[in-house]
Structure formats: C-alpha cells, structure tokens
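Q:
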Amino acid sequence: MPHAIIAIASETKPMLIDWFLALLPILVIILLMVGFRWGAAKAGPAGWFVAVLVALLHFGADIDLVALSQVKALLLTSDVLLIIWSAFLLYRVADEAGAIQILSHAIPGLTRDRGLQALLIGWAFASFLQGVGGFGVPTAVTAPLLVGLGFSPLAAVLIPSIGHSWSVTFGSLATSFQALIASSGYAGEILAPPTAAFLAIACLICGYQVAHISGGWGAVRRLFWPILVLGIAMGIAQFSLSTHGLWNIAALGGGSAGLAVGFLVARFRGRQAAEQNTARTKGRILLLALSGYIALVVITLAIQFIPPLRSALGFFVIRVHFPAISTSLGYTTPAGYGREIPLFRHAGAILAYSSLVAYLLYSRAGLYAPGAGLRVLKTTIRRMLPSSLGIAAMVSMAVVMTHTGMTETLARGLSEGMGSLFPAISPWIGGLGAFMTGSNTNSNVVFANLQLRTAELLGFSVPIILAAQTAGGALGSIIAPTKIIVAASTTGAAGKEGSILRNLLVYIFPLIGLVSILTLLALWIISS
Numbered sequence: 018m019p020h021a022i023i024a025i026a027s028e029t030k031p032m033l034i035d036w037f038l039a040l041l042p043i044l045v046i047i048l049l050m051v052g053f054r055w056g057a058a059k060a061g062p063a064g065w066f067v068a069v070l071v072a073l074l075h076f077g078a079d080i081d082l083v084a085l086s087q088v089k090a091l092l093l094t095s096d097v098l099l100i101i102w103s104a105f106l107l108y109r110v111a112d113e114a115g116a117i118q119i120l121s122h123a124i125p126g127l128t129r130d131r132g133l134q135a136l137l138i139g140w141a142f143a144s145f146l147q148g149v150g151g152f153g154v155p156t157a158v159t160a161p162l163l164v165g166l167g168f169s170p171l172a173a174v175l176i177p178s179i180g181h182s183w184s185v186t187f188g189s190l191a192t193s194f195q196a197l198i199a200s201s202g203y204a205g206e207i208l209a210p211p212t213a214a215f216l217a218i219a220c221l222i223c224g225y226q227v228a229h230i231s232g233g234w235g236a237v238r239r240l241f242w243p244i245l246v247l248g249i250a251m252g253i254a255q256f257s258l259s260t261h262g263l264w265n266i267a268a269l270g271g272g273s274a275g276l277a278v279g280f281l282v283a284r285f286r287g288r289q290a291a292e293q294n295t296a297r298t299k300g301r302i303l304l305l306a307l308s309g310y311i312a313l314v315v316i317t318l319a320i321q322f323i324p325p326l327r328s329a330l331g332f333f334v335i336r337v338h339f340p341a342i343s344t345s346l347g348y349t350t351p352a353g354y355g356r357e358i359p360l361f362r363h364a365g366a367i368l369a370y371s372s373l374v375a376y377l378l379y380s381r382a383g384l385y386a387p388g389a390g391l392r393v394l395k396t397t398i399r400r401m402l403p404s405s406l407g408i409a410a411m412v413s414m415a416v417v418m419t420h421t422g423m424t425e426t427l428a429r430g431l432s433e434g435m436g437s438l439f440p441a442i443s444p445w446i447g448g449l450g451a452f453m454t455g456s457n458t459n460s461n462v463v464f465a466n467l468q469l470r471t472a473e474l475l476g477f478s479v480p481i482i483l484a485a486q487t488a489g490g491a492l493g494s495i496i497a498p499t500k501i502i503v504a505a506s507t508t509g510a511a512g513k514e515g516s517i518l519r520n521l522l523v524y525i526f527p528l529i530g531l532v533s534i535l536t537l538l539a540l541w542i543i544s545s
C-alpha cells in the first residue's frame, strides 16, 4: 500500500494564493531550466530552497518537520541513485571494451534498405541502448551512424529520439520506473501492467513514425508489416518482463527482441546482402560484445527465481521508522517506515554485480587498454555527479512539498479545476515534467505524488493515472533541451536545436495524445 498523507485541516477550497505558492517551486524550476537554460544540478537546489521557504513561511512547517522530511528524501534519493550510478557503470564497462562500437558496426551491414536501416538502428538498437544505458546515450551513439549512412543531420537526430522514447520508463535498468515506485509507494507489480501496456502501443506508433521520418508515407506503406512484427515483438517482450517482476531488464529485453526479429526480417527481405554481411561479421565477437548484458540477464533471473539466493541477499535491509509529524495548520504525515532498501538485493546491487562480471569477461578477452578500469570510474563519476545533484535536490523538494500539504493543495486545485478531464491531461503533466527537468526520472519524482493525490480525490484508479504520468514523461523526455543539445552536437547540427525541437513536437504531441486516449479508455473499461 502507498504511504498515506492525510489532512486534518478543513476541507474548504484552497485559496488561489495557496495554490500559487504551492506551485511556486515547480514554476521556479521551469523558469530556470527553460527560460535561463540552467541544468538540473543548479535549478534543483533553487527549487528546493523555494519549497522550504514557502513551507516555513506559509504552510506551517517548522525546522523539525523539514529536517525529518529530508531524512526521508535521503532514503528515496539513495534508492534511485544506486540504480542510476550502477546502470551507467555497466554501460561504461561495455563501452570501454568496445562492445557498443562492435554492435554499432554490425547492425548497418544487415540491409541496404534505408527505411529498414532506420528501424534497426534508430528504433531497435536505440531502444536496446536505452535499456542498458540511457542518459542520452541512444541518440548520441546512433545519430552519427545514421549520418554516416547518408541520412541528414536532422533526420539522424529525429529517428533515434522518437525511436527509443517508448523504452525510457523501463530503460536505464528501470531507473524511471523505480523512481515512480519510490515516490508513490505503490508496488511495481501493481504499476507495471498499465504502464507497459501504454508503452507497448506507443512502441508500435514510434516505429511508423521512424519510417515516416526516413522516407515519408511511402516508407510507412512499404515497411508496414515489418514494423508491425518488430513493434509487437518489442512491446510484448517489455510487457512480459515488466509484469513478471523483471522491470529492470524489460526495455533491454524489448530492444533485444527488436534486434533479433529485425535481423530475421533483414535476412528475409535481402537474403543475398545479409549472407554476405553475416560472413563478414564474426558471431563470436558479437557474442563477446553482448556478454556483459547476458551476464546481467543471468544474474537478474538467478536472484529473482532462486529463492535461497534471493533470501540470502535480502538479509540486510536499510529500514528507518519515522514518527508522525504535523504542520501548525494541522496537516499530518502519519508514522511509518520510509523507503526500505534491501542493499545486496537492490536493483543497483544487481547492476554492480553485472558490471564486475562484465569487466572480468572483457578483461579476460583482452579488450581493455591499460588504465581502463580507472577511466571507467572517472567517466562514471564525471557524468553522473551533476545528474545526481539535480535528482537529490528535486527529491528533497518533492518530499518537502508532500509533508507540508503543498502537493495536497495542488492536487485539490487540479481536481476542482479539471474534474473528469484530469485523466486526459495526466500524461501531459508527465511530459511537461520531463521537458522541464530533463528526464522521466525527475518528472516522476516531482509529479508522482501530485498525480496520486489528484487521482484519489477524484476517485480514479491510481495505478492507471501513475502509468499515464510515467508514459507521458517517457515520451516527453526526448524534447528536454539538454538531450536535444547533446544529440545536435553529435551530428554537426549544433545551432539548429530550435528546428530539431519543432520537428520533434510534430511527432511527440500525437504520441502523448494517444496516451491520453488510452488513459481514458482504461478508466472506462475498469469502471464498466
């Protein structure tokens, strides 16, 4: 069950000033990140400071309440950061060994069909990379490949950006999904089915959009059936894994299914070229390149399905009990445990084990130059530290807002202002959060409780609304300014970020609109 936040204060409508002040920390982050182009590491602390100030001066908080909320935030932050750091570490272990480069060179040789190349590289391979790395890696790796194959810089950025968007929530070893679990208090087993269902349908549409970018409606018609086959394979793979407790490898599994089926489709549609290129590509080298991720799958399955091992690794749990605490206005957070972290069975620990095994495998194969281990660690620290600061600040801000009734105030305002239309805008809130904070993870941290409380007040299914939040956040994350800048810089399109954003919006708005329709449909089905 989710942790309960109850209000003892009167049930009267929130005053407009209350609603504006509750919204102010979020507005500050939007203004700084979008208007002033600050990064999350700078904007996050500013939003946190405003939240604390408003909580102390207007919502009846005191220093003890703020301090207690920050200890809770520390647990939530640790839960998320353990996964983020370990996921990127695994990616760097493989990348330093040349594994990503091996895969990058093998895939383009499978077919000469430009549309199919776009699907294999910008849809299946980009989704695979999102499953294991994320953090802008899919576009940064695949966009230059597409330019090398003759795609324009604009198309080379659009294709993988759209192509991997459906896999963001369960990508980066389910970092965003873990943030949704941690922020909402709902079990992953409850949240996974509607989330995976929404994203499976979005996956299929992403494939047709990739084809459209690569060759217009002619490519969509020509590749209609291959896209349908690949989309169903990837969507079902991600859905099946995520709904069986394996959400940390769900996007990886979806991308892998896309690559496997895409390889067969490419052979079927161009047998002669495929056979020539298969001869050039050494299967043993490809297997070695994938060995780090095979280790991840094996370790994950072993811990999930071998009870003695699972029990042994679960012996040490970080668990802190917090007392009930109230604001001077009567808003009470009941007593209970904060986020519990089974340290040695945690998703972050599983990723760390996999990173170690992958490093040993690649090292034994002689794929590392001297000093590789140190380079991996240095790059991981340099890349992840700014993101971690931003996430920590935003988690802390969100917890302050929750414990002082600010989230409750926003939820009541939305419930009274939107009413039955709220489910339709829920994915757009997630998308806005991802756009302004730079990631689906941050969007879930900032808005999960707001969505949860609004759904409860209006009597809507909380899991479906939270699924809409993270699905919208996943799709919206690709238009985050920081990701667009990174993508543009890898293709020689620096300075054309505005054009890239405008073109992305043409494809992203219909996708988020689709999630709105699916949300309304899902709520109608369960209520009928």
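All residue numbers for the sequence shown refer to this note's numbering, where the first residue is 18 and numbers rise by one. The C-beta atom is built at its ideal place from N, Cα and C for all residues, glycine as well. In this text, all values refer to a predicted model and were calculated from it rather than measured experimentally.
Given this structure, state the Cα-to-Cα distance separating Ile-501 from Leu-518, to the nearest angstrom.
A: Cα to Cα, Ile-501 sits roughly 7 Å from Leu-518.
Q: Quick check on the DSSP output: the beta strand (DSSP E) that includes Tyr-348 runs from which residue to which?
A: Unbroken beta strand (DSSP E) run through Tyr-348: 348-350.
Q: Helix, strand or coil for Val-174? Go by DSSP, reduced to three states.
A: Three-state DSSP puts Val-174 in a helix.
Q: Below 8 Å between beta carbons: does that hold for Leu-546 and Leu-427?
A: With the chain covering 18 to 545 only, the question about residue 546 has no answer from this structure.
Q: For the alpha helix (DSSP H) that Phe-10 lies in, which residues bound it at each end?
A: It is not possible to answer for residue 10, since the shown part of the chain is limited to 18 through 545.
Q: What separation, rounded to the nearest whole angstrom, lies between the Cα atoms of Ala-319 and Ile-138?
A: Taking the straight line joining both Cα atoms gives about 31 Å.
Q: Check each candidate in Ile-101, Ser-404, Pro-480, Leu-85 and name the one with the smallest Cα separation from Pro-62.
A: Answer by Cα proximity: Ser-404.
Q: Could you say which of Pro-351, Ala-415, Leu-313, Asn-457 lies nearest to Pro-42 if we only look at CA atoms?
A: Ranking the options by Cα distance to Pro-42, first place goes to Ala-415.
Q: State the DSSP-derived secondary structure class of Ser-533, mapped to helix, strand or coil.
A: Helix.
Q: Pick out whichever of Gly-224, Ala-254, Gly-252 has its Cα sitting closest to the Cα of Leu-240.
A: Comparing Cα positions, the closest option is Gly-224.
Q: Considering only residues of the same chain and omitting the five flanking positions on each side of Ile-101, which have a CB-CB separation below 6 Å?
A: Hits under 6 Å: Thr-192.
Q: Where DSSP assigns a beta bridge to Ile-358, which residues make up the other side?
A: BP columns for Ile-358 point to Ile-335.
Q: Please report the straight-line C-alpha distance between Leu-73 and Asp-81, rounded to a whole angstrom.
A: Taking the straight line joining both Cα atoms gives about 11 Å.
Q: Opposite Ile-222 in the DSSP bridges: which residues?
A: Paired residue(s): none; Ile-222 is not in a bridge.
Q: At 4 residues or longer, and completely inside the stretch 52-137: list those alpha helix (DSSP H) runs for me, N to C.
A: Complete alpha helix (DSSP H) runs here, min 4: 57-74, 80-113, 116-123, 131-136.
Q: May I have the straight-line CA-CA distance separating Trp-183 from Ala-389, to the nearest angstrom?
A: Using only the alpha carbons, I get a separation of about 33 Å.
Q: Just mark Lys-395 as buried or exposed, buried being the case when its beta carbon has 16 or more other beta carbons within 10 Å.
A: Under this definition Lys-395 is an exposed residue.
Q: Can you give the Cα-Cα distance for Trp-36 and Arg-470, rounded to whole angstroms?
A: Roughly 15 Å between the two C-alpha positions.
Q: Going along the chain, which unbroken runs of the alpha helix (DSSP H) with 4 or more residues stay wholly within the stretch 406-476?
A: The stretch 406-476 contains these whole alpha helix (DSSP H) runs: 423-435, 439-454, 457-475.
Q: Counting Cβ pairs, one atom from each stretch, are 3 or more of them under 8 Å apart for the stretch 302-310 and the stretch 102-119?
A: With the cut-off at 8 Å, the stretch 302-310 and the stretch 102-119 touch.
Q: How is the alpha helix (DSSP H) around Tyr-385 delimited, first residue to last?
A: From DSSP, Tyr-385 is part of no alpha helix (DSSP H); its letter is neither H nor E.
Q: How long is the line joining the alpha carbons of His-434 and Trp-445, rounded to whole angstroms?
A: Sequence check: residue 434 is Gly here, not His. C-alpha separation (whole angstroms): 16 Å.
Q: Based on the DSSP secondary-structure assignment, which residues constitute the bridge partners of Ser-343?
A: In the DSSP output, where bridge partners are listed per residue, Ser-343 has Thr-349.
Q: Quick check: what's the CA-CA separation for Pro-210 versus Ala-78?
A: In a straight line, the C-alpha of Pro-210 is about 38 Å away from that of Ala-78.
Q: What separation, rounded to the nearest whole angstrom, lies between the Cα atoms of Cys-220 and Leu-245?
A: Rounded to whole angstroms, Cys-220 to Leu-245 spans 10 Å at the Cα level.
Q: For Ile-117, which residues of its own chain have a beta-carbon under 7 Å away from its beta-carbon, when the five flanking residues on both sides are left out?
A: Taken in chain order, the residues that qualify are Ala-111, Val-158.
Q: Looking only at its chain, what residues have a beta carbon closer than 7 Å to the beta carbon of Ala-160, apart from the 5 residues adjacent to it on each side?
A: Excluding residues within five positions, the ones whose Cβ falls inside 7 Å are Ala-173, Val-174, Pro-177, Ala-504, Thr-507, Thr-508.
Q: With DSSP as the reference, label Lys-513 as helix, strand or coil.
A: Note: Lys-513 maps to coil in three-state DSSP.
Q: Return the residue from the list Leu-92, Ala-364, Ser-169, Phe-332 that minimises the CA-CA distance to Val-149.
A: The option with the nearest alpha carbon to Val-149 is Ala-364.
Q: Could you spell out where the alpha helix (DSSP H) holding Gly-165 opens and where it closes?
A: Looking at the DSSP string, the run of the alpha helix (DSSP H) that includes Gly-165 is 154-165.
Q: Return the residue from the list Val-69, Phe-168, Ala-214, Arg-286 that minimises the CA-CA distance to Trp-242.
A: That would be Arg-286, whose Cα lies nearest to the Cα of Trp-242.
Q: Would you kindly check if the distance between the Cβ of Thr-419 and the Cβ of Thr-344 is under 8 Å?
A: No, the pair does not count as a contact, with Cβ atoms beyond the cut-off.
Q: With DSSP run on the structure shown, which of helix, strand or coil describes Thr-212?
A: Looking at Thr-212 - three-state DSSP - the assignment turns out to be helix.
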